[in-house]
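Using UniProt numbering, read the sequence shown as starting at 1 and increasing by one per residue. Presented below is the structure to which this report refers.
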Amino acid sequence: MDQRLWQKVGRPAAVFFLSITLTAGAGIEPGYVFAAKKAPRASGTKVTRVVKVKTKKSGEALHWKDARSFRIMEPGTSEQLALAEGIEEISFVSSDPNVAEVSPEGVVTAKQAGAARITASAAGASVSCEVYVGPRITALGWKNTEKRRTIEKKEKFRMKAAVTPADAAYRKLTFRSSNPKVAQVDARGTVYGRKNGRATITARTQDGSNLAVSCRVTVGKKVRKMTWKNGKPKMTMRFGEEKKFQLTFSPKNVSDRRVRFYSSDPGTAAVNSKGVVTAKRRGLVKITAAARDGSGRKLNMSLTVKNPLNPFQTHFLGHRGMPKSYPENTVESFRGAAGQKYWGVECDIWETKEPDGTTDLMVFHDRYLNRLTGYFLPVQWVNMQNRANYPIVGGRKNDRSIRYLIPNLEEYIDAVDPVHTGKQLIIEMKDQNISRAGAEKFFETLRQKGVPGNKVTIIAFGKETLLTLRQVGQEYTAGIPDPLSEGQGNAGGRQSADGQQSTGNQQGEAGQPGVIRYDASGADYWLLMRNDLSEENTLQEISWAKTNHMAGVSVAQVMKDKSEQGLALREQKLRWIISRLKEEQLKISLGPLDDALEAKKYVDLGVTEITTNQRIWAKND
1 MDQRLWQKVG
11 RPAAVFFLSI
21 TLTAGAGIEP
31 GYVFAAKKAP
41 RASGTKVTRV
51 VKVKTKKSGE
61 ALHWKDARSF
71 RIMEPGTSEQ
81 LALAEGIEEI
91 SFVSSDPNVA
101 EVSPEGVVTA
111 KQAGAARITA
121 SAAGASVSCE
131 VYVGPRITAL
141 GWKNTEKRRT
151 IEKKEKFRMK
161 AAVTPADAAY
171 RKLTFRSSNP
181 KVAQVDARGT
191 VYGRKNGRAT
201 ITARTQDGSN
211 LAVSCRVTVG
221 KKVRKMTWKN
231 GKPKMTMRFG
241 EEKKFQLTFS
251 PKNVSDRRVR
261 FYSSDPGTAA
271 VNSKGVVTAK
281 RRGLVKITAA
291 ARDGSGRKLN
301 MSLTVKNPLN
311 PFQTHFLGHR
321 GMPKSYPENT
331 VESFRGAAGQ
341 KYWGVECDIW
351 ETKEPDGTTD
361 LMVFHDRYLN
371 RLTGYFLPVQ
381 WVNMQNRANY
391 PIVGGRKNDR
401 SIRYLIPNLE
411 EYIDAVDPVH
421 TGKQLIIEMK
431 DQNISRAGAE
441 KFFETLRQKG
451 VPGNKVTIIA
461 FGKETLLTLR
471 QVGQEYTAGI
481 PDPLSEGQGN
491 AGGRQSADGQ
501 QSTGNQQGEA
511 GQPGVIRYDA
521 SGADYWLLMR
531 NDLSEENTLQ
541 EISWAKTNHM
551 AGVSVAQVMK
561 DKSEQGLALR
571 EQKLRWIISR
581 LKEEQLKISL
591 GPLDDALEAK
601 KYVDLGVTEI
611 TTNQRIWAKN
621 D
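Here is the structure:
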């Protein structure tokens, strides 16, 4: 090698830059470092920079600077490639320039979806990397298993992952077991059960998206057979009936007893995750229980849904008690209905005044007394003090020698006794606009009698009455101050209509003295409307009920035309009303209906409640 590496250039102290390419075989050993400050130089030359030169043996392997053997690129993006060795004279070539092209400087540009190999060559050596053009993986899941699976010892199972999007550029995954002594997994995702226990198998993406999905694998006993514990391969249920079906497993020591239930027609019979089947309409449906341990075992049931022999799956209500046996809306009528198997007992309430001006709530249907008492007086004249002057006459076999008192709300509650009988109180408020005092009297009576809020259904034609009652009910639920406590707790309590003192709450739930609470949150509010309204007015009523969050709409039966044609038109109108209510997801009540065949029609249409005067309809057989 020429020892005169440095020569004088121009005048003394001139800066001289030297670029040298050294290769093995020129008297230089690979890896030898030359420093300019040690090199011989001509006199008068000044060295201003130390230059180090590394050499590489011809044919020795090259390496990428970022040590990546593959890369994922989106179409239209570019990336600079560089070698770890710092060699400048490099040639680059792409195996498919239509997918990824590379410039002489090593800039790779992704063109379209696919794969291409980029090769860099220098000093007789080369290195390659794979370039995958396309989207990265955005979601990862399992294709052929759930997040939990059971395998037995010495069993093999290949776990396949579902990659999103399907055209992801690089779909290869790595698999890892948290406990290879229990379950080991290879690079292809094949799991092998080694001994009883649990291990978590994790699949992870390699395209830089850093996504992973896991499956808890139990090595143990799988389900061999399932049978119905409380059912048969062929079963029959009635419309509206619910039944929970349970299973037995073989062997008894299966590792995973989880089951998925599903129905071939949820509109006919639906089944939830706990195996509770609800019959919704007539028809034939298949209920399937599928083991979730990976065994693939299934158990089917052919279920026939029939109409009830009697329409008892719909809630039937005693209309004003038991008017076939006792005069309507009397204590005796309510007590008789409570002894039957009605779901609820209906009554009618008017707001009246006692002689001292206090509010009372009397039970009577008509606006005037004459139909039941013979006195042509407005019902608002009646109170607990004078009701004996206007007795209701009649009873069994219309015996007019028997006299019945007009009851109030408290006596109605006592007769039905919902706390012990479980009956629903169906209370129609007759006033179009109940007063604040009347609403407070209503909820105070329920509170004193200990009636749960979910045992109360309030219906009314009067929209303001419904809104006032709901507002006062919400206030009672939150807690209202007792005016008799004077901030020191309700020592005396409120006075009921019969003169008795309620104890009241000495202290509210939040610690406030003299706060009265009654949980009315479970009460239902229904709008009452006639079935002979025009189509426009009917839709307005339904819209109001939906907008104001009513639980349902009770449709009162008005039959002016009892001819065959008139009855057919009434049924057509009712069917239309029911379909509109179902579209708005509102509950539906009809009544009174006293014909069993007619009632069955509306049961099939999904009516929620039907009031009736027929006692036999209340039986559950």
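Even for Gly, the Cβ is constructed at its ideal location relative to N, Cα and C. Note that this is a predicted model, so its numbers are computed, not measured.
- The beta carbon of Y342 lies closer than 8 Å to those of F316, L317, G318, K423 and A618 in the same chain, with the five residues before and after it left out.
- DSSP, reduced to helix, strand and coil, places K430 outside both helices and strands of the structure shown, so it counts as coil.
- R403 has V393 as its beta-bridge partners, per DSSP.
- Spatial neighbours of K573 in its own chain (CB-CB distance under 7 Å, excluding positions within 5 residues in sequence) are listed in chain order as N531.
- Q380 places its beta carbon less than 8 Å from that of T352.
- The beta-bridge partner set that DSSP reports for Q184 consists of Y192.
- Secondary structure in the segment 273 to 339: the alpha helix (DSSP H) runs of 4 residues or longer, each lying completely within the stretch, are 331 to 338 in chain order.
- Burial state of W576 is exposed, judged by a 10 Å Cβ sphere holding fewer than 16 other Cβ atoms.
- Comparing C-alpha distances from D356 to each of G141, T174 and M384 shows the shortest one belongs to M384.
- Each residue's CA atom was taken as its position, placing K244 and L299 some 15 Å apart.
- Straight through space, the alpha carbons of M301 and T468 are spaced by roughly 50 Å.
- Here the C-alpha atom of V131 lies approximately 11 Å from the C-alpha atom of L81.
- The continuous stretches of beta strand (DSSP E) do not include Q585, and DSSP gives it neither H nor E.
- The alpha-carbon of G294 is positioned some 30 Å away from that of D207.
- For R204, the enclosing beta strand (DSSP E) covers residues G197 to T205.
- Between T477 and N548, the alpha-carbon positions lie close to 19 Å from each other.
- Under the DSSP definition of a beta bridge, F364 lacks any partner.
- Under the 10 Å beta carbon count, Y390 is surrounded by 16 or more other beta carbons and is classified as buried.
- Each residue's CA atom was taken as its position, placing A338 and T236 some 31 Å apart.
- Assignment of beta-bridge partners to D348 by DSSP yields E428.
- Within a 10 Å sphere around the beta-carbon of Q565 sit fewer than 16 other beta-carbons, which makes this residue exposed.
- Taking the CA atoms as reference points, Q471 sits about 16 Å from A545.
- Boundaries of the beta strand (DSSP E) around E79: S78 to Q80.
- DSSP lists I201 as the bridge partner or partners of S177.
- Non-local beta-carbon contacts of T608 in its own chain, meaning distances under 8 Å to residues more than five positions away in sequence, involve T314, H315, G552, K587, I588 and S589 in chain order.
- Shortest Cα-Cα distance from T304 to any of L211, S325 and K280 involves K280.
- Within the same chain, V472, G473, Y476, Y518 and A520 come within 7 Å of F443 by CB-CB distance, once the 5 residues on both sides are set aside.
- With the rule of 3 Cβ pairs closer than 8 Å, the segment 430 to 438 does not count as touching the segment 398 to 412.
- In this structure, A199 keeps its C-beta atom at 8 Å or more from the C-beta atom of N230.
- Remark: C-beta atoms of I458 and W526 approach each other more closely than 8 Å.
- Closest in C-alpha terms to A169, from the list V191, V133 and F175, comes V133.
- With fewer than 16 other Cβ atoms inside 10 Å of its own Cβ, Y375 counts as exposed.
- Ranked by how close their Cα comes to the Cα of R136, the residues T145, A123, P75 and G522 have P75 in first place.
- Ranked by Cα distance from V345, the options I610, H63, V102 and W228 are led by I610.
- Annotation for K225: F249, S250 and R297 place their beta carbon closer than 8 Å to its own, counting only its chain and skipping 5 residues before and after.
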